[in-house]
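A.B. asks: Have a look at the structure that comes next, please.
Chains as they are written, first to last, in my numbering: chain F, 24 to 411; chain X, 3 to 323.
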């Protein structure tokens with residue numbers, strides 16, 4: 024019977040039980056640790072990315088605000104220049120003379136603006152009734168008194184109500200993004216100055232925004248069109264990004280309702296591969312600024328910590344294997360001695376004594392065997408005496 | 003959260019060996035083709051500067067094979083063919099004739115052009131946002147700026163009536179330019195005389211007809227060295243002349259309105275660098291020149307007896323004294 028029982032069965036069972044207990048616990052705890060540290064690191068990265076996006080949005084808004092400020096500055100100069108009030112020695116009193124002097128001063132101011140702000144390509148003056156009185160252009164002939172009617176145009180209506188008007192982005196020459204900025208003129212906002220701004224110039228700002236080593240920032244308008252990117256070629260291609268998951272998510276997320284929603288996503292980057300993308304809105308313009316960083320780069324610090332955890336896990340598993348083997352051996356060895364001793368007693372070696380010093384039930388069992396053998400030996404001796 | 007595992011697997015995976023890890027490769031060869039009179043044309047200098055800023059050092063990452071044909075239109079196709087034979091990686095051209103010659107010579111090697119006034123009218127690309135074929139580049143917007151140049155000429159010298167518009171007859175954008183120029187001239191109450199010349203003799207004949215009080219309009223295309231001839235006549239006959247670029251104002255021209263040549267080279271360097279990285283010209287939109295400058299030579303103005311008005315003084319980006 025005893026030969027049929029596989030010799031290592033018990034040993035293997037013990038090893039397996041110990042290993043599953045020790046190693047399994049270790050593995051589970053390590054994986055839980057890795058998972059949570061991944062989540063923590065990710066939320067930290069998202070926070071950083073989001074801050075970067077907010078900073079980039081501020082830079083770009085400042086850039087647009089600066090152009091707005093320059094355009095506003097021109098309107099103030101035009102209406103409050105002492106030189107226009109008293110044009111060189113000429114007799115005042117004729118309304119016409121004053122108007123002509125004002126118009127000339129305005130033209131000079133517009134010319135100065137074109138020199139100072141390369142992004143502005145056209146600047147025009149709309150009178151009280153919304154008719155264009157002056158247009159100074161970088162590319163086309165200047166127009167004086169063209170009288171084109173803009174009284175129903177949003178740029179006139181909104182600016183007349185006292186606010187700065189930012190038009191939706193439009194494209195010129197097939198591919199260059201432009202925007203109209205219209206500002207009210209003078210204290211009572213009866214007239215309007217409108218400037219056409221070539222948004223190619225945002226390139227200077229966007230290409231200086233650094234996001235780690237391989238990251239970059241870009242801007243999409245309210246319709247999801249790319250309007251600024253460090254690679255100007257992508258902008259000039261008139262890329263429509265409204266289908267990108269990060270753009271779609273950002274556009275559906277209304278400012279204010281964002282709450283604790285995920286403000287950054289892992290999505291296919293604009294330049295291939297997976298990227299960590301965060302965004303921030305430029306509310307007055309309806310634009311969204313995205314900041315993207317390649318995933319491999321963003322998660323590089325995390326990679327080291329995960330590798331460390333894995334190495335420790337492997338060491339732990341190795342140790343637990345060794346410990347299981349030693350433990351199992353200590354459990355199994357006395358049983359084997361018992362087994363061997365019992366077998367010898369069974370074959371008639373009644374003077375055999377089993378030596379187990381484990382101080383537990385196994386030692387008690389061995390002692391039982393020994394006393395059983397002793398009693399058997401004694402009763403055999405009695406029987407022999409009686410037969411004799 | 004399914005991407006968590008994607009990320010974990012990606013993080014544990016061995017970092018892929020990128021192309022940059024390869025051993026140092028031979029420098030890219032950039033062929034340069036133009037009708038200049040020397041190898042150091044401002045666009046080429048701009049290109050070198052731009053590439054240096056992008057980390058491509060001459061001699062190490064890039065080498066230049068420069069062919070210039072000294073204003074001789076008949077020599078350009080042969081120079082283009084020679085560049086093909088030399089086996090360059092990209093061709094950098096300036097002006098239309100050279101660009102056309104390069105385009106005729108190859109449909110495979112990418113071409114990046116500069117100083118092309120109107121790439122569509124010239125038939126060099128069919129659209130700007132997605133140029134088809136193997137060409138892209140920087141448009142100098144010359145055709146667009148024709149009316150503006152006439153306006154500036156008139157502002158500077160309000161007394162002028164007749165304006166000579168002398169250009170190389172083989173220039174394929176002439177039609178578009180002339181139409182715009184005539185239209186603008188009539189609005190500015192100027193009498194525009196467009197004259198296409200095909201040879202140096204013709205040019206000399208036309209220049210002899212210029213009288214005192216006439217004004218001159220210099221083309222961007224330097225074939226037959228027309229802008230230089232106009233500059234000379236302008237100074238000799240005290241006739242106001244407008245030029246397409248500040249380069250000519252530096253040489254004594256009265257006024258110029260247009261993009262800087264060197265700046266266009268710098269701008270085109272970005273496109274060249276992308277082409278060398280393997281991006282197809284098809285995916286690189288033609289760019290308009292970034293900055294349009296008004297330059298005035300005050301010394302020439304004094305010589306010509308022109309009083310520079312405030313409208314020009316306030317607008318001008320650069321002055322020569």
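A virtual CB, placed ideally from N, CA and C, is assigned to each residue, including glycine.
DSSP beta-bridge partners for residue 224 of chain F?
C.D. replies: Along the first chain, one-based indexing puts residue 224 of chain F at 201. Answer by DSSP bridge pairing: none, since residue 224 of chain F is not bridged.
A.B. asks: Classify residue 50 of chain X as buried or exposed, calling it buried when 16 or more other Cβ atoms lie within 10 Å of its own Cβ.
C.D. replies: Residue 50 of chain X sits at position 48 when you count from the first residue of the second chain. So residue 50 of chain X ends up on the buried side.
A.B. asks: For the alpha helix (DSSP H) containing residue 269 of chain X, name the first residue and the last one.
C.D. replies: Counted from its first residue, the second chain places residue 269 of chain X at position 267. 263 to 278 is the span of the alpha helix (DSSP H), which, as asked, contains residue 269 of chain X.
A.B. asks: What residues from chain X crowd round residue 161 of chain F, counting only those whose CB sits closer than 7 Å?
C.D. replies: One-based indexing of the first chain puts residue 161 of chain F at position 138. By Cβ distance, chain X contributes 294.
A.B. asks: Please confirm whether residue 182 of chain X and residue 148 of chain X have their CB atoms less than 9 Å apart.
C.D. replies: The residue labelled residue 182 of chain X in the question sits at position 180 within the second chain. The residue labelled residue 148 of chain X in the question sits at position 146 within the second chain. Yes, they are a contact pair.
A.B. asks: Just to confirm my understanding: we take residue 190 of chain X, look at its own chain, exclude 5 residues before and 5 after, and list those with CB closer than 7 Å. What are they?
C.D. replies: In the second chain, residue 190 of chain X corresponds to position 188, counting from 1. Cβ neighbours of residue 190 of chain X beyond the five flanking positions: 152, 153 and 156.
A.B. asks: Could you please give me the residues that DSSP links to residue 190 of chain F through a beta bridge?
C.D. replies: Position 167 of the first chain holds residue 190 of chain F. The partner list for residue 190 of chain F (beta bridge, DSSP) is empty, contrary to what the question assumes.
A.B. asks: Strictly under 9 Å for the Cβ-Cβ distance: is residue 52 of chain X near chain F by that measure?
C.D. replies: On the second chain, residue 52 of chain X is found 50 positions in, with the first residue counted as 1. Chain F contact via Cβ: absent.
A.B. asks: Give me, in chain order, the residues of the same chain whose beta-carbon lies closer than 7 Å to that of residue 105 of chain X; leave out the 5 immediate sequence neighbours on both sides.
C.D. replies: Position 103 of the second chain holds residue 105 of chain X. Result list for residue 105 of chain X: 113, 126 and 137, in chain order.
A.B. asks: How would you write the range of the beta strand (DSSP E) that residue 299 of chain X sits in, first residue to last?
C.D. replies: Stepping through the second chain from its first residue, residue 299 of chain X is reached at position 297. Residue 299 of chain X -> beta strand (DSSP E) spans 294 to 299.
A.B. asks: Check whether the Cβ atoms of residue 116 of chain X and residue 267 of chain X lie closer than 9 Å to each other.
C.D. replies: By one-based count along the second chain, residue 116 of chain X stands at place 114. By one-based count along the second chain, residue 267 of chain X stands at place 265. Cβ distance < 9 Å, so residue 116 of chain X and residue 267 of chain X count as in contact.
A.B. asks: By Cβ distance, which residues of its chain are closer than 7 Å to residue 229 of chain X, with the 5 residues on each side in sequence left out?
C.D. replies: If you number the second chain from 1, residue 229 of chain X lands on position 227. Here the set comprises 220, 221, 245 and 250.
A.B. asks: Out of X:159, X:195, X:69 and X:179, point me to the one whose CA is closest to residue 243 of chain X's CA.
C.D. replies: On the second chain, residue 243 of chain X is found 241 positions in, with the first residue counted as 1. Ranking the options by Cα distance to residue 243 of chain X, first place goes to X:159.
A.B. asks: Quick one: what does DSSP say residue 317 of chain F is sitting in, helix, strand or coil?
C.D. replies: Looking up residue 317 of chain F in the first chain gives position 294. Looking at residue 317 of chain F - three-state DSSP - the assignment turns out to be strand.
A.B. asks: Smallest Cα separation from residue 295 of chain X: which of X:95, X:248, X:282 and X:223?
C.D. replies: Translated into positions along the second chain, residue 295 of chain X becomes position 293. Checked all of X:95, X:248, X:282 and X:223; the closest Cα to residue 295 of chain X is X:248.
A.B. asks: Which residues of chain X have a Cβ atom closer than 9 Å to the Cβ of residue 305 of chain F, listed in chain order?
C.D. replies: Against the first chain, residue 305 of chain F aligns to sequence position 282. Near residue 305 of chain F there are no residues of chain X at all, since even the closest Cβ is about 24 Å away, more than 9 Å.
A.B. asks: If I measure Cβ to Cβ from residue 121 of chain X and keep anything under 6 Å in the same chain, skipping five residues before and after, which residues do I get?
C.D. replies: Start at 1 with the first residue of the second chain, and residue 121 of chain X comes out as number 119. Cβ neighbours of residue 121 of chain X beyond the five flanking positions: 127, 141 and 288.
A.B. asks: Using a Cβ cut-off of 9 Å (strictly closer), state whether residue 378 of chain X contacts chain F.
C.D. replies: The structure shown does not extend to residue 378 of chain X, since chain X spans only 3 to 323, so no value can be given for it.
A.B. asks: Going straight from the alpha carbon of residue 298 of chain X to that of residue 263 of chain F, what length do you get?
C.D. replies: For the purposes of this step, residue 298 of chain X is identified with residue 296 of the second chain, where counting begins at 1. For the purposes of this step, residue 263 of chain F is identified with residue 240 of the first chain, where counting begins at 1. Going by the C-alpha atoms only, they are around 42 Å apart.
A.B. asks: Could you compute how far the alpha carbon of residue 338 of chain F sits from the alpha carbon of residue 42 of chain F?
C.D. replies: Taking the first chain and counting its residues from 1, the one referred to as residue 338 of chain F is at position 315. Taking the first chain and counting its residues from 1, the one referred to as residue 42 of chain F is at position 19. Rounded to the nearest angstrom, the two C-alpha atoms are 13 Å apart.
A.B. asks: Short of 6 Å in beta carbon distance, which residues of its chain neighbour residue 184 of chain X, apart from the five on each side in sequence? Order them along the chain.
C.D. replies: By 1-based counting over the second chain, the position of residue 184 of chain X is 182. For residue 184 of chain X, where only same-chain residues beyond five positions count, the Cβ hits under 6 Å are 194.
A.B. asks: Is residue 254 of chain F close to chain X? Criterion is C-beta to C-beta, closer than 9 Å.
C.D. replies: Locating residue 254 of chain F in the first chain gives position 231, where the first residue counts as 1. Chain X, which has a Cβ nearer than 9 Å to the Cβ of residue 254 of chain F, makes this yes.
A.B. asks: Quick check: the Cα distance between residue 185 of chain F and residue 193 of chain F, rounded to an integer number of angstroms?
C.D. replies: What you label residue 185 of chain F is simply residue 162 of the first chain in a count that begins at 1. What you label residue 193 of chain F is simply residue 170 of the first chain in a count that begins at 1. In a straight line, the C-alpha of residue 185 of chain F is about 23 Å away from that of residue 193 of chain F.
A.B. asks: Does any C-beta atom of chain X lie closer than 9 Å to the C-beta of residue 223 of chain F?
C.D. replies: In the first chain, the residue the question calls residue 223 of chain F occupies position 200. Judged by the 9 Å Cβ criterion, residue 223 of chain F is in contact with chain X.
A.B. asks: With a threshold of 7 Å on Cβ separation, who are the neighbours of residue 275 of chain X within its own chain once the five nearest residues in sequence on each side are excluded?
C.D. replies: Counting from one through the second chain, the residue named residue 275 of chain X turns up at place 273. Once the five neighbours on either side are set aside, the close Cβ partners of residue 275 of chain X are 53, 56 and 58.
A.B. asks: Do we get a CB-CB distance below 9 Å when we pair residue 199 of chain F with the residues of chain X?
C.D. replies: Translated into positions along the first chain, residue 199 of chain F becomes position 176. Cβ-Cβ to chain X under 9 Å: yes for residue 199 of chain F.
A.B. asks: DSSP on residue 190 of chain X, reduced to helix/strand/coil?
C.D. replies: Numbered from 1 along the second chain, position 188 holds the residue referred to as residue 190 of chain X. Coil at residue 190 of chain X, not helix or strand.
A.B. asks: Excluding the 5 residues preceding and the 5 following residue 294 of chain F in the sequence, name in chain order all residues of the same chain whose CB lies nearer than 6 Å to its CB.
C.D. replies: Residue mapping note: residue 294 of chain F aligns to position 271 of the first chain, counting from 1. Correct list: empty, nothing qualifies.
A.B. asks: With distances taken from CA atoms, which of X:223, X:316, X:71 and X:187 is nearest residue 128 of chain F?
C.D. replies: Residue mapping note: residue 128 of chain F aligns to position 105 of the first chain, counting from 1. Nearest of X:223, X:316, X:71 and X:187 to residue 128 of chain F, Cα basis: X:316.
A.B. asks: Assuming contact is defined by CB atoms lying nearer than 9 Å, are residue 65 of chain X and residue 32 of chain X in contact in what I supplied?
C.D. replies: What you label residue 65 of chain X is simply residue 63 of the second chain in a count that begins at 1. What you label residue 32 of chain X is simply residue 30 of the second chain in a count that begins at 1. Result yes, Cβ atoms of residue 65 of chain X and residue 32 of chain X sit closer than 9 Å.
A.B. asks: Taking the runs of the alpha helix (DSSP H) that are 4 residues or longer, which of them lie wholly in the stretch 116 to 196 of chain X?
C.D. replies: For the stretch 116 to 196 of chain X, whole alpha helix (DSSP H) runs of length 4 or above, ordered along the chain, are 144 to 158 and 176 to 189.
A.B. asks: Taking 7 Å as the limit between beta carbons, can you name the residues of its chain near residue 313 of chain X, skipping five residues before and five after?
C.D. replies: Within the second chain, the letter at position 311 stands for residue 313 of chain X. Taken in chain order, the residues that qualify are 157.
A.B. asks: Determine the chain B residues that contact residue 137 of chain F at a beta-carbon separation under 7 Å, and present them in chain order.
C.D. replies: Although the question refers to chain B, the structure presented lacks it and instead comprises the protein chains F and X.
A.B. asks: For residue 38 of chain F, which residues of its own chain have a beta-carbon under 7 Å away from its beta-carbon, when the five flanking residues on both sides are left out?
C.D. replies: If you number the first chain from 1, residue 38 of chain F lands on position 15. The answer, listed in chain order, is 347, 348 and 351.
A.B. asks: If you run the structure through DSSP and keep just helix, strand and coil, what is residue 397 of chain F?
C.D. replies: For the purposes of this step, residue 397 of chain F is identified with residue 374 of the first chain, where counting begins at 1. The answer is helix: DSSP assigns residue 397 of chain F an H, G or I state.
A.B. asks: For residue 94 of chain X, name the three-state secondary structure that DSSP assigns.
C.D. replies: Your numbering for residue 94 of chain X matches position 92 in the second chain. Here residue 94 of chain X sits in strand by DSSP.
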